Amino acid sequence: YRWHLTPQRYCSTLLPILQLHSKHHCCHRQPPQKLAREYCNIVVVSGATDIVTDGQRAAYVENGHHMMGTITGTGCMLASVVACFAAVEAEYFKASLTALTTFGLAGELTITRPGVKGPGSFKVGFFDEIYNLTEEKIKNGARYRIETEQSSV
């Protein structure tokens, strides 16, 4: 069961992060939740609105910036950030949600940095923003909602 996996095993069995373009945005909530239930795992879907689900709950993260989709490797970077959060948070739904909000917020803050003019300067600035994020910035900037099978939170 997912809560008994070590972080290393969790990361090796994590379903791939799906890169969805806004025109192909996942408008059906059932498929990610169905996958999570079927594989008894967490499913993370990145796109204009990021989704994390454990099959019972689904969080919809609004943080991020479209420039994140213009640079190579953001999906791999996101997977690494999720793995880092999963290594220190026993509840993988919470770890994944926090990773998604942190990653997206870093993208939002990056675009406001002086000197960011395109994908190259964005990528460098993004690394700096990840490094300089604080707990306070994350708490103040996180934008998400959580829905359960029964209701919305």
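Per the working numbering, the very first residue in the sequence shown carries number 1269; after that it's consecutive.
Glycine included, each C-beta is placed from N, C-alpha and C at the ideal position.
Given the structure is predicted, the values throughout are model-derived calculations rather than measurements.
Worksheet entry | DSSP beta-bridge partners of H1348 | Note that residue 1348 corresponds to Ser in the displayed sequence, not to His. Paired residues: none, contrary to the question.
Item to complete: Identify whether V1356 lies in helix, strand or coil by the three-state DSSP scheme.
Response: helix
Worksheet entry | Own chain partners of E1417 with C-beta closer than 7 Å, once the 5 adjacent residues on each side are dropped | Q1324
Item to complete: Please classify T1366: does DSSP put it in a helix, a strand, or coil?
Response: helix
Item to complete: Would you tell me roughly how many angstroms separate the C-alpha atoms of P1387 and E1397, rounded to the nearest one?
Response: 15 Å
Fill in: Alpha carbon of R1305 to alpha carbon of V1320, nearest angstrom
13 Å
Item to complete: Using the Cα positions of R1413 and A1326, report the straight-line distance between them to the nearest angstrom.
Response: 8 Å
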